[in-house]
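Novice: I'd like to ask some things about the structure below.
Number of protein chains: 2
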Amino acid sequence: MKTVIGIDLGGTNVRVAKVTEQGEVLQELKSPSYGMEGPEKVVSNIISLIEQLDGYKDCVGIGIGVPGPVDTVNKVMKLSSNLNGFTDFPMAAKIEEATGIPTFLDNDANCAGLAEAIIGAGKLFPIVYYTTISTGIGGALIVNGKLVSGKNGYAGEVGNLIVDPYRDPFNNLNPGASESEASGRALIRKGQAVFGEKVQSAKDVFDLYEQGDEEAIKLVDQMTTDLAIMFSHVALVTDPHIFVLGGGVMKSKAVWMPKMIEKFKSFVHPGMREVIFTEAECSEPGIMGAAMLPISNGL
Amino acid sequence: MKTVIGIDLGGTNVRVAKVTEQGEVLQELKSPSYGMEGPEKVVSNIISLIEQLDGYKDCVGIGIGVPGPVDTVNKVMKLSSNLNGFTDFPMAAKIEEATGIPTFLDNDANCAGLAEAIIGAGKLFPIVYYTTISTGIGGALIVNGKLVSGKNGYAGEVGNLIVDPYRDPFNNLNPGASESEASGRALIRKGQAVFGEKVQSAKDVFDLYEQGDEEAIKLVDQMTTDLAIMFSHVALVTDPHIFVLGGGVMKSKAVWMPKMIEKFKSFVHPGMREVIFTEAECSEPGIMGAAMLPISNGL
Numbered sequence: 136m137k138t139v140i141g142i143d144l145g146g147t148n149v150r151v152a153k154v155t156e157q158g159e160v161l162q163e164l165k166s167p168s169y170g171m172e173g174p175e176k177v178v179s180n181i182i183s184l185i186e187q188l189d190g191y192k193d194c195v196g197i198g199i200g201v202p203g204p205v206d207t208v209n210k211v212m213k214l215s216s217n218l219n220g221f222t223d224f225p226m227a228a229k230i231e232e233a234t235g236i237p238t239f240l241d242n243d244a245n246c247a248g249l250a251e252a253i254i255g256a257g258k259l260f261p262i263v264y265y266t267t268i269s270t271g272i273g274g275a276l277i278v279n280g281k282l283v284s285g286k287n288g289y290a291g292e293v294g295n296l297i298v299d300p301y302r303d304p305f306n307n308l309n310p311g312a313s314e315s316e317a318s319g320r321a322l323i324r325k326g327q328a329v330f331g332e333k334v335q336s337a338k339d340v341f342d343l344y345e346q347g348d349e350e351a352i353k354l355v356d357q358m359t360t361d362l363a364i365m366f367s368h369v370a371l372v373t374d375p376h377i378f379v380l381g382g383g384v385m386k387s388k389a390v391w392m393p394k395m396i397e398k399f400k401s402f403v404h405p406g407m408r409e410v411i412f413t414e415a416e417c418s419e420p421g422i423m424g425a426a427m428l429p430i431s432n433g434l
Numbered sequence: 136m137k138t139v140i141g142i143d144l145g146g147t148n149v150r151v152a153k154v155t156e157q158g159e160v161l162q163e164l165k166s167p168s169y170g171m172e173g174p175e176k177v178v179s180n181i182i183s184l185i186e187q188l189d190g191y192k193d194c195v196g197i198g199i200g201v202p203g204p205v206d207t208v209n210k211v212m213k214l215s216s217n218l219n220g221f222t223d224f225p226m227a228a229k230i231e232e233a234t235g236i237p238t239f240l241d242n243d244a245n246c247a248g249l250a251e252a253i254i255g256a257g258k259l260f261p262i263v264y265y266t267t268i269s270t271g272i273g274g275a276l277i278v279n280g281k282l283v284s285g286k287n288g289y290a291g292e293v294g295n296l297i298v299d300p301y302r303d304p305f306n307n308l309n310p311g312a313s314e315s316e317a318s319g320r321a322l323i324r325k326g327q328a329v330f331g332e333k334v335q336s337a338k339d340v341f342d343l344y345e346q347g348d349e350e351a352i353k354l355v356d357q358m359t360t361d362l363a364i365m366f367s368h369v370a371l372v373t374d375p376h377i378f379v380l381g382g383g384v385m386k387s388k389a390v391w392m393p394k395m396i397e398k399f400k401s402f403v404h405p406g407m408r409e410v411i412f413t414e415a416e417c418s419e420p421g422i423m424g425a426a427m428l429p430i431s432n433g434l
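In structure tokens, the structure reads:
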């Protein structure tokens, strides 16, 4: 059976796993990523972790998921806020050179989407749009098992989609960007503006909603409209077979998702209203998706 | 040299051409389409036109462009307002059966986009987003020379993208849909509301703009903002290498396109601002794109 190496590189930790092409983890190693100590240190650490995997030389490919947009043709990050000095650094080339194994690089949200498209909730669907609604909002387009990452890895930057151009901008995003209006962090900001420090999480707002609090109902109502508009943008551009949704805000899906889907239907053509919205399934989408990168690239 | 048959089927006319894989038209026939006389009549007419092409049996494939969304897997139209009775009618299967040549079907805007991606302005670019700004607004996503038509052929329905949710809805589109706000027809509607019957075309508004008319300046200014937001939606979902723009409103591109591109840059991440916007090049994108369908499908 074919095996691959998946690497989930974050600002704090890095995980390296040997995985079968069906997505079974055979061995997994974890270490600090040394993300702020420069790319040479990060990469030499990753190479030593790879070399600790049993029979690593038998793996057909290596995939790396990183926190930021990636130029997948040149295999470099185009923006790296959590990994010092990684913009345009040839990490994949260096790992490929050291190990002799073809190495691929993509954004971590794209990797999670790829995992869902190949072995998760989107399996068997030709066009999968993955969206994570968590502190932020990100996405990934997967067509026939291959990521469409975009020219500079910005395909899937759905958190910056404008849902209402008249609202205030936050965090260098557009005015009325979906992430500023409907992410977990947005719900906390809006909840605290109404309820003060009583709100510490998105769940607190959903709890107030379920208790029938009128202000919380308004907030959740606005959030479902904003998400519906965001998903209509994605649908009208890509018409996917399935939307796979991940991220922390999905824990409260029973509260907001049915309303959001109803509103979504009003924003798309009648023939598009039966698209499936479903929850992500993979337990470790980051590392699993990274492992799927070589497979998706034909290895 | 490989040859293919391209068919451009409209409500009024149908054109059938034998084309080389490089896009050279060898022979072209035109006839009424009999679009309102039912699918059997339309199809038997098309088959007789095909049989009039010299050496049609040597062609490796047939592609048909139709006015409406298409389920490209089952090769049927999903909505047909200009062709009576074509929804779910197995036109491609019937033509394939009669001719013995593999037959493919797609939306006409998708075909135009495919032509631009394979032999036109988008040639050599991995991700091409084609947009036509004319009476209406439509689009097409082409990844590595293949159309991403969507589950029901609605990928590219960018005319229904919301650019401002607070405006009035028109023609069964969303409130603030780009087509209702920034198409040629929209500009005529808005121009007539200000200037009356003096405005008969989008060009009339652009002419007033160039004469320095303040009301016309406001209208064009709003149009460029609306188009910039629409294109930001597309870019944040697909991050294309190039936007190829066609349609009648491009005749006045010198007036509005540079301003639109400047505004677009403000609505996307810094790393996305250098995407190319260029004009469509194909002289007959409809029939050429239909002819490219079999090539794009691997024939």
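Protein chains in written order, with my numbering: chain E, 136 to 434; chain R, 136 to 434. Cβ atoms here follow ideal geometry from the backbone N, Cα and C, with glycine treated the same way. This one's a predicted model, so the numbers in the text were calculated from it and none came from an experiment.
For Met212 of chain R, does the three-state DSSP call read helix, strand or coil?
Specialist: Taking the second sequence and counting its residues from 1, one reaches residue 212 of chain R at position 77. DSSP places Met212 of chain R in strand when its eight states are reduced to three.
Novice: Smallest Cα separation from Ile272 of chain R: which of R:Phe378, R:Ala290, R:Asn295?
Specialist: Here the question's residue 272 of chain R lines up with position 137 in the second sequence. Ile272 of chain R has its Cα closest to that of R:Asn295, out of R:Phe378, R:Ala290, R:Asn295.
Novice: Inspect the CB distances between the stretch 410-428 of chain R and the stretch 349-365 of chain R and report whether three or more fall short of 8 Å.
Specialist: With a cut-off of 8 Å, the stretch 349-365 of chain R and the stretch 410-428 of chain R do not count as touching, because too few Cβ pairs lie within range.
Novice: Quick check on Ala290 of chain R - is its C-beta less than 8 Å from some C-beta in chain E?
Specialist: Translated into positions along the second sequence, residue 290 of chain R becomes position 155. At least one chain E Cβ lies under 8 Å of Ala290 of chain R.
Novice: Starting from Leu296 of chain E, find everything on chain R with Cβ-Cβ shorter than 8 Å and list it in chain order.
Specialist: In the first sequence, the residue the question calls residue 296 of chain E occupies position 161. Going along chain R in sequence order, the residues near Leu296 of chain E (Cβ under 8 Å) are Ser367, His368, Leu371, Val372.
Novice: Does Lys356 of chain R get closer than 8 Å to chain E when you measure Cβ to Cβ?
Specialist: Taking the first residue of the second sequence as position 1, residue 356 of chain R is located at position 221. The sequence given here places Asp at residue 356 of chain R; Lys does not occur at that position. Output row for Asp356 of chain R: interface = no.
Novice: May I ask which residues mark the beginning and end of the beta strand (DSSP E) holding Ile277 of chain E?
Specialist: Taking the first sequence and counting its residues from 1, the one referred to as residue 277 of chain E is at position 142. Start and end: 272-278.
Novice: Mind checking Leu259 of chain R: buried by the 16 CB within 10 Å criterion, or exposed?
Specialist: In the second sequence, residue 259 of chain R corresponds to position 124, counting from 1. So Leu259 of chain R counts as exposed.
Novice: From R:Lys153, R:Val149, R:Asn307, R:Arg302, pick the residue whose C-alpha is nearest to that of Lys176 of chain R; which is it?
Specialist: Counting from 1 along the second sequence, the entry for residue 176 of chain R is found at position 41. Nearest C-alpha to Lys176 of chain R: R:Val149.
Novice: Between E:Asn245, E:Ala228, E:Met365, which lies nearest to Thr238 of chain E when the distance is taken from Cα to Cα?
Specialist: Counting from one through the first sequence, the residue named residue 238 of chain E turns up at place 103. Comparing Cα positions, the closest option is E:Ala228.
Novice: When DSSP builds the beta bridges, which residues end up paired with Val177 of chain E?
Specialist: For the purposes of this step, residue 177 of chain E is identified with residue 42 of the first sequence, where counting begins at 1. According to DSSP, which records beta bridges pairwise, Val177 of chain E is partnered with nothing at all.
Novice: Is the beta carbon of Val372 of chain R sitting closer than 8 Å to the one on Val293 of chain E?
Specialist: Counting from one through the second sequence, the residue named residue 372 of chain R turns up at place 237. Counting from one through the first sequence, the residue named residue 293 of chain E turns up at place 158. In this structure, Val293 of chain E lies closer than 8 Å to Val372 of chain R by Cβ.
Novice: Quick check: the Cα distance between Val151 of chain E and Gly196 of chain E, rounded to an integer number of angstroms?
Specialist: Taking the first sequence and counting its residues from 1, the one referred to as residue 151 of chain E is at position 16. Taking the first sequence and counting its residues from 1, the one referred to as residue 196 of chain E is at position 61. Computed Cα separation, rounded: 13 Å.
Novice: List the endpoints of the continuous beta strand (DSSP E) containing Leu343 of chain R.
Specialist: What you label residue 343 of chain R is simply residue 208 of the second sequence in a count that begins at 1. That residue, Leu343 of chain R, is in no beta strand (DSSP E); its alpha helix (DSSP H) goes 337-345.
Novice: Enumerate in chain order the residues of its own chain whose CB-to-CB distance from Gly173 of chain R is below 8 Å, with the five nearest sequence positions on each side excluded.
Specialist: Looking up residue 173 of chain R in the second sequence gives position 38. Once the five neighbours on either side are set aside, the close Cβ partners of Gly173 of chain R are Asn219, Gly220.
Novice: Compare the Cα-Cα distances from Glu163 of chain R to each of R:Gln187, R:Thr360, R:Gln157 and report the closest residue.
Specialist: As a first step, residue 163 of chain R is located in the second sequence; it is residue number 28 there, counting from the start. Per the Cα distances, R:Gln187.
Novice: In chain E, what lies closer than 7 Å to Lys286 of chain R by C-beta?
Specialist: Position 151 of the second sequence, counted from the start, is the residue given in the question as residue 286 of chain R. Within 7 Å Cβ-Cβ: Ile262, Asp374, Pro375, His376, Val410.
Novice: Do you know offhand how far Ile277 of chain R's Cα is from Glu349 of chain R's?
Specialist: Within the second sequence, the letter at position 142 stands for residue 277 of chain R. Within the second sequence, the letter at position 214 stands for residue 349 of chain R. The alpha-carbon atoms of Ile277 of chain R and Glu349 of chain R are separated by roughly 39 Å.
Novice: Expressed to the nearest angstrom, what Euclidean distance is found between the alpha-carbon atoms of Thr138 of chain R and Ala328 of chain R?
Specialist: Residue numbering aside, residue 138 of chain R sits at position 3 when the second sequence is read from its first letter. Residue numbering aside, residue 328 of chain R sits at position 193 when the second sequence is read from its first letter. Rounded to whole angstroms, Thr138 of chain R to Ala328 of chain R spans 50 Å at the Cα level.
Novice: Cutting at 6 Å between CB atoms, please list the residues of its own chain near Ala343 of chain R, excluding the five before and the five after it.
Specialist: Your numbering for residue 343 of chain R matches position 208 in the second sequence. The displayed chain sequence assigns Leu, not Ala, to residue 343 of chain R. Cβ neighbours of Leu343 of chain R beyond the five flanking positions: Ala351.
Novice: Specify the secondary structure class of Asn295 of chain R as computed by DSSP and reduced to three states.
Specialist: Reading the second sequence from its first residue, position 160 is the one you call residue 295 of chain R. Residue state, collapsed to three classes: helix.
Novice: Would you call the stretch 200-209 of chain R in contact with the stretch 154-161 of chain R, where contact means no fewer than 3 C-beta pairs closer than 8 Å?
Specialist: Counting Cβ pairs under 8 Å, fewer than three are found: no touch.
Novice: What do you get for Met365 of chain R, buried or exposed, if any count of 16 or more other CB atoms within 10 angstroms of its CB means buried?
Specialist: If you number the second sequence from 1, residue 365 of chain R lands on position 230. It counts as buried.
Novice: Ala256 of chain R and Thr155 of chain R - do their beta-carbons sit closer together than 8 Å?
Specialist: By one-based count along the second sequence, residue 155 of chain R stands at place 20. By one-based count along the second sequence, residue 256 of chain R stands at place 121. No, the pair does not count as a contact, with Cβ atoms beyond the cut-off.
Novice: What runs of the beta strand (DSSP E), each 3 residues or longer, lie entirely inside the stretch 155-209 of chain R?
Specialist: As far as the stretch 155-209 of chain R is concerned, its whole beta strand (DSSP E) runs of at least 3 residues are 160-167, 197-201.
Novice: Quick check: the Cα distance between Tyr191 of chain E and Gly235 of chain E, rounded to an integer number of angstroms?
Specialist: Position 56 of the first sequence holds residue 191 of chain E. Position 100 of the first sequence holds residue 235 of chain E. Rounded to whole angstroms, Tyr191 of chain E to Gly235 of chain E spans 11 Å at the Cα level.
Novice: Taking only beta-carbon atoms, is Pro204 of chain R less than 8 Å away from chain E?
Specialist: To locate residue 204 of chain R, count along the second sequence from 1; it is residue 69. Closer than 8 Å: yes.
Novice: Near Ala275 of chain R, which residues of its chain fall below 6 Å by C-beta distance, leaving aside the five closest residues on each side in sequence?
Specialist: On the second sequence, position 140 is the one that residue 275 of chain R refers to. Excluding sequence neighbours, Ala275 of chain R sits near Ala244, Asn245, Gly248, Tyr265, Gly291.
Novice: Determine the chain R residues that contact Met502 of chain E at a beta-carbon separation under 7 Å, and present them in chain order.
Specialist: The structure shown has nothing for residue 502 of chain E, since chain E only spans 136 to 434.
Novice: Using beta carbons (cut-off 8 Å, strictly below), is Asp299 of chain E in contact with chain R?
Specialist: In the first sequence, the residue the question calls residue 299 of chain E occupies position 164. Interface residue, yes.
Novice: To which residues of the same chain is Phe305 of chain E closer than 7 Å at the C-beta, ignoring the five residues directly before and after it?
Specialist: As a first step, residue 305 of chain E is located in the first sequence; it is residue number 170 there, counting from the start. Around Phe305 of chain E: Ser315.
Novice: Taking a Cβ distance cut-off of 7 Å, strictly less, list which residues of the stretch 207-218 of chain R are near chain E, in chain order.
Specialist: Listed by position along the chain: Lys213, Leu214.
Novice: Using the beta-carbon count (16 or more within 10 Å), is Val211 of chain R buried or exposed?
Specialist: Within the second sequence, the letter at position 76 stands for residue 211 of chain R. Burial call: buried.
Novice: Going by Cα to Cα distance, which pick from E:Lys400, E:Lys338, E:Asn209, E:Phe330 is closest to Ser318 of chain E?
Specialist: Along the first sequence, one-based indexing puts residue 318 of chain E at 183. When only C-alpha atoms are compared, the closest one is E:Lys338.
Novice: Could you tell me how far apart the beta carbons of Lys213 of chain R and Gly145 of chain R are, in whole angstroms, since I believe they sit closer than 8 Å?
Specialist: Taking the first residue of the second sequence as 1, we reach residue 213 of chain R at position 78. Taking the first residue of the second sequence as 1, we reach residue 145 of chain R at position 10. Rounded, the Cβ-Cβ distance is 17 Å, inconsistent with contact.
Novice: Measure from the C-beta of Leu362 of chain R to each C-beta in chain E and report whether the shortest distance is under 8 Å.
Specialist: Residue numbering aside, residue 362 of chain R sits at position 227 when the second sequence is read from its first letter. False, the Cβ-Cβ gap to chain E never drops below 8 Å.
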